[in-house]
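K.L.:
In this note's numbering, the protein residues as written are 3 to 908.
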């Protein structure tokens with residue numbers, strides 16, 4: 003059909019349908035088959051000249067349909083690369099049509115083969131564009147990939163096969179287009195592989211740690227509470243892996259907070275499991291099951307592991323305040339959405355009490371747990387004015403409140419319970435015993451002056467079960483002390499009632515004894531020795547006999563040091579680094595290994611690792627361990643022969659470092675990948691050629707990331723910079739500055755990778771277009787010893803009232819002699835500070851810039867204004883500061899000194 007339509011289109015055109023001579027077609031075909039670098043024969047050159055002459059004179063006509071492909075390629079001078087990609091995309095469309103129109107047959111195997119061939123064709127087309135940074139066909143390929151992601155049949159295969167390739171070849175702007183479809187796929191209940199850690203690793207590297215934590219982790223947390231058991235288990239394991247990968251501070255800010263939020267949704271709507279009858283369930287209120295117990299148990303298990311792996315700081319600073327916040331909100335105005343949240347608060351209270359040791363529990367028992375949580379809940383469920391949606395909702399919340407009360411009371415003992423938990427126990431016992439009264443025959447019946455709202459919620463079996471269980475645990479005298487009229491308890495303890503209570507509890511799981519609750523938990527791999535992950539319909543995990551996290555016998559408060567516990571508290575309760583920047587001279591961790599000056603840092607986006615370069619000819623990879631005060635390096639690269647001046651990270655987990663020659667190496671394999679010198683010729687097709695002897699050899703002293711795949715390199719002997727593309731395997735472009743304006747001393751690129759700033763030894767500052775190499779702006783500054791360039795999202799007003807436009811990046815130039823200068827987008831001078839700067843580090847997201855001078859005086863600027871000035875104490879950090887870097891997610895600074903010491907400080 004396409005062939006016929008094209009033929010009709012040609013016949014209807016104004017061109018003549020004259021056939022080209024066969025010998026001309028053969029000659030043209032021969033020329034097309036000639037390789038690009040080969041020289042054509044003299045006869046071919048003459049024929050080509052004649053052919054072009056006929057073309058200029060409009061003497062060419064449309065050839066027959068069988069020769070149309072060659073005619074269009076030759077006449078329009080379409081590059082061979084485009085034709086190759088076009089052919090692969092055509093194959094992709096062909097298989098797509100076969101699969102969607104059931105032309106591949108109804109057999110499942112043939113459909114899968116068509117799908118595999120379809121995605122593989124698109125993958126090969128994408129690989130064809132991998133050697134160019136700004137390939138014009140990338141937007142088209144992204145559009146095709148979006149269509150494949152929108153197809154429910156091909157979506158998972160597209161992610162598995164194409165996303166790794168997309169991460170390797172696409173720019174950040176093109177990758178951002180794919181984020182929303184990927185988030186929608188993560189929400190799909192049937193996708194299990196997408197919540198696996200292997201895919202999440204690619205996702206976090208492609209989009210960066212902060213964007214991944216803010217956009218993708220909430221969706222992953224929701225998968226923990228999925229109805230699909232396999233998906234929920236895989237998501238929970240991935241969540242626990244992320245907590246170890248990002249550390250306690252990021253866990254508190256992005257993971258555990260979302261787990262607390264999602265726990266309440268597990269119980270929406272709040273009701274009994276299907277098939278459970280109230281008359282049977284309420285005969286033992288301490289074992290009342292709920293429909294969301296199974297999914298809630300998995301979320302609870304994740305929260306328990308976090309508290310066990312890190313510290314009870316999560317309990318005291320995040321879990322318990324969450325319970326108080328939910329209950330206070332319900333006390334002010336109860337709604338249908340807050341009723342499941344009350345159940346979630348009680349589940350979190352259970353986790354918290356079991357994670358604390360005896361001393362911690364007693365410290366928080368009276369004023370926090372008993373008064374602010376349990377007593378307010380008891381008041382809420384016993385208040386007739388409380389607007390619960392149904393009587394069952396009130397009864398279910400009351401049943402879980404009683405379970406929590408009894409479990410904590412059994413752990414602390416009857417004497418402590420009577421002393422510190424009297425208020426909630428009195429409120430519940432008084433309110434429920436007043437609902438019924440004994441008649442002349444000692445049979446209980448509804449009291450005449452009792453609240454009908456409470457009577458409809460708390461049936462006689464409900465109240466009898468409560469009184470019978472507390473009496474069995476403590477005895478009648480102790481229980482009577484919580485009631486103003488002890489005689490009211492006696493009718494609930496008749497032989498008939500006792501027998502009924504005993505029968506109803508005979509088939510259920512026995513209540514936790516004190517010895518059972520003192521069991522300490524043990525860790526097996528990534529799973530806790532706990533039954534919180536499994537529960538039956540009639541035996542909710544709240545009262546599982548062997549479930550224990552921490553326990554009364556545990557004296558450990560977690561593996562975190564006191565300073566890291568403080569960092570977790572600040573992450574939960576703080577207002578953020580941007581609103582209150584601080585530097586308190588506190589050392590979180592020390593890193594030992596370098597024997598000489600630390601020259602540069604490169605921090606991994608997840609902030610659990612960083613790389614340092616030193617004058618001792620080594621580059622070292624470090625891991626941040628929150629449970630250790632001093633850490634040795636994880637890997638040391640010793641392939642350099644001179645002092646290493648700079649280091650950068652690449653998207654392929656490779657590291658680029660320079661001692662005059664750029665070495666690109668893989669720390670996981672311990673092997674070098676590429677070695678590039680300044681004298682290596684630049685290839686227009688991308689890719690370096692063999693080195694040549696030159697006086698410029700070994701002169702590269704500065705590196706900067708342009709994007710995820712490209713590096714900018716500056717030489718101490720030249721006044722221009724070079725662009726290195728890892729996909730091409732070498733230099734791909736030269737970005738020239740003013741001719742004869744000086745030597746390059748510092749280089750940086752803005753966040754988008756579109757603009758490059760170069761500071762020269764003559765005092766000139768040049769702005770270049772990274773795509774075309776065109777010089778955009780130039781300004782002459784006084785300083786001739788620039789130490790660094792930073793693009794900052796500041797809005798700074800100059801002396802003449804000029805300011806950088808909203809959303810535009812200011813350029814901050816640091817100089818060892820003249821201090822720091824702030825320039826606008828067009829390099830207009832906005833602000834100048836005379837304090838000399840030898841080291842600087844930036845946090846663009848929080849608009850923070852740190853500068854250090856020769857006397858270790860640190861100045862911290864926020865949004866262009868000086869917010870902090872201090873001098874680092876010599877007893878905390880020895881030696882002159884020679885390098886600095888920022889950990890924005892952990893709100894900490896990394897300092898390296900002239901004697902090789904590295905410290906992470908806050």
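Each residue gets a CB set at the ideal place from its N, CA and C atoms; glycine is no exception.
Taking DSSP's pairing of strands, which residues face residue 767 in a bridge?
P.N.:
The partner list for residue 767 (beta bridge, DSSP) reads 761, 781.
K.L.:
At which residues does the beta strand (DSSP E) containing residue 853 begin and terminate?
P.N.:
Residues 850-854.
K.L.:
Kindly provide the ranges of any alpha helix (DSSP H) runs that are 4 or more residues long and lie completely inside the segment 92-149, ordered along the chain.
P.N.:
Qualifying alpha helix (DSSP H) stretches, in chain order: 110-129.
K.L.:
Going by DSSP, name the residue or residues bridged to residue 724.
P.N.:
Answer is 715, 736.
K.L.:
Closest to residue 651 by C-alpha separation, out of 414, 602, 908, 343, would be which residue?
P.N.:
Selected option, being the one with the closest Cα: 602.
K.L.:
Short of 8 Å in beta carbon distance, which residues of its chain neighbour residue 326, apart from the five on each side in sequence? Order them along the chain.
P.N.:
Excluding sequence neighbours, residue 326 sits near 370, 374, 375.
K.L.:
What distance in whole Å lies between the Cβ atoms of residue 739 and residue 725, which are believed to be in contact at a cut-off of 8 Å?
P.N.:
Not a contact, Cβ separation roughly 14 Å.
K.L.:
Assess contact between the segment 346-364 and the segment 231-238, defined as three or more Cβ pairs (one per stretch) separated by less than 8 Å. Is contact present?
P.N.:
No contact exists between the segment 346-364 and the segment 231-238.
K.L.:
So, with DSSP's three-state summary, where would you put residue 31?
P.N.:
Because residue 31 sits at a pLDDT of 46, beneath the cut-off of 50, its placement in the model cannot be relied upon, and the following sentence gives the value as read from the coordinates. The answer is helix: DSSP assigns residue 31 an H, G or I state.
K.L.:
Can you confirm whether the segment 713-721 touches the segment 739-753 when touching is taken to mean that 3 or more C-beta pairs between the two stretches lie within less than 8 Å?
P.N.:
These segments touch.
K.L.:
Per DSSP, residue 439 forms a beta bridge with which residues?
P.N.:
Note: residue 439 sits in a beta bridge opposite 447.
K.L.:
Between 200, 205, 253, 211, which lies nearest to residue 236 when the distance is taken from Cα to Cα?
P.N.:
With distances taken between Cα atoms, residue 236 lies closest to 200.
K.L.:
Can the beta-carbon of residue 633 be found closer than 8 Å to that of residue 625?
P.N.:
A contact, by the Cβ cut-off of 8 Å.
K.L.:
Please confirm whether residue 862 and residue 585 have their CB atoms less than 8 Å apart.
P.N.:
Yes, the pair counts as a contact, with Cβ atoms nearer than the cut-off.
K.L.:
Below 8 Å CB to CB, which residues in the same chain sit around residue 210 once its five sequence neighbours on both sides are set aside?
P.N.:
Here the set comprises 607.
K.L.:
Can you give me the C-alpha to C-alpha distance between residue 277 and residue 336, rounded to a whole angstrom?
P.N.:
Roughly 28 Å between the two C-alpha positions.
K.L.:
Closer than 8 Å is the cut-off here; do at least three beta carbon pairs connect the segment 282-293 with the segment 237-256?
P.N.:
No: the two stretches stay apart, fewer than three of their Cβ pairs being nearer than 8 Å.
K.L.:
When the Cα atoms are used, what is the spatial distance from residue 172 to residue 149?
P.N.:
Cα to Cα, residue 172 sits roughly 17 Å from residue 149.
K.L.:
On the premise that residue 604 lies in contact with residue 649, defined as a C-beta separation below 8 Å, what is that separation, rounded to the nearest angstrom?
P.N.:
Right, the Cβ-Cβ distance comes to about 5 Å (below 8 Å), so this counts as a contact.
K.L.:
Could you say which of 731, 628, 844 lies nearest to residue 888 if we only look at CA atoms?
P.N.:
Of 731, 628, 844, the residue nearest in Cα terms is 844.
K.L.:
DSSP puts residue 834 in a beta bridge; with which residues?
P.N.:
For residue 834, which the question treats as bridged, DSSP gives the partners 823.
K.L.:
List, from N- to C-terminal side, the beta strand (DSSP E) runs of 3 residues or more that fit wholly inside the segment 587-612.
P.N.:
Counting whole runs of 3 or more residues, the segment 587-612 contains the beta strand (DSSP E) stretches 589-594, 600-605.
K.L.:
Between residue 627 and the rest of its own chain, which residues show a CB-CB distance below 6 Å, the 5 nearest in sequence each way excluded?
P.N.:
Excluding positions up to five away in sequence, the list reads 633.
K.L.:
Let me make sure I understand the geometry here. Which of 856, 795, 90 has the alpha-carbon closest to that of residue 819?
P.N.:
Minimum Cα distance to residue 819 is reached at 856.
K.L.:
Between residue 758 and residue 767, which are expected to be in contact by the criterion C-beta below 8 Å, what is the C-beta distance as a whole number of angstroms?
P.N.:
Actually they are not in contact, since the Cβ atoms of residue 758 and residue 767 sit about 12 Å apart, beyond 8 Å.
K.L.:
Indicate whether the contact test is met: 3 or more Cβ pairs, each with one atom in the segment 671-681 and one in the segment 191-205, closer than 8 Å.
P.N.:
The segment 671-681 vs the segment 191-205: no contact.
K.L.:
Confirm, please, whether the CB-CB distance from residue 484 to residue 424 is below 8 Å.
P.N.:
Contact: yes.
K.L.:
Residue 707 lies in the beta strand (DSSP E); which residues open and close that run?
P.N.:
From DSSP, the beta strand (DSSP E) with residue 707 extends over 702-707.
K.L.:
Applying the 10 Å Cβ sphere with the 16-neighbour rule, what's the burial state of residue 789?
P.N.:
Residue 789 comes out buried.
K.L.:
Per DSSP, what are the beta-bridge partners of residue 895 in this structure?
P.N.:
DSSP output for residue 895 lists 888, 907 as bridge partner(s).
K.L.:
What residue does the beta strand (DSSP E) around residue 871 start on, and which one ends it?
P.N.:
It spans 867-873 - the beta strand (DSSP E) in which residue 871 sits, taken as one unbroken run.
K.L.:
Got a sec? Which residues, its chain only, sit under 8 Å from residue 918 by beta carbon, not counting five neighbours each side?
P.N.:
There is no way to answer for residue 918, as the model of the chain reaches only from 3 to 908.
K.L.:
Count the other CB atoms within 10 Å of the CB of residue 103; is the residue buried (16 or more) or exposed (fewer)?
P.N.:
Under this definition residue 103 is an exposed residue.
K.L.:
So residue 151 and residue 87 are supposed to be a Cβ contact under 8 Å. How far apart are they, rounded?
P.N.:
At roughly 20 Å, the Cβ-Cβ gap does not stay under 8 Å, so residue 151 and residue 87 are not in contact.
K.L.:
Looking at residue 796 and residue 849, is the spacing between their C-beta atoms short of 8 Å?
P.N.:
It is a contact, given that the beta carbons lie within the stated cut-off.
K.L.:
Measure the C-alpha to C-alpha separation of residue 783 and residue 821 and round it to an integer number of angstroms.
P.N.:
The straight-line gap from Cα to Cα measures roughly 11 Å.
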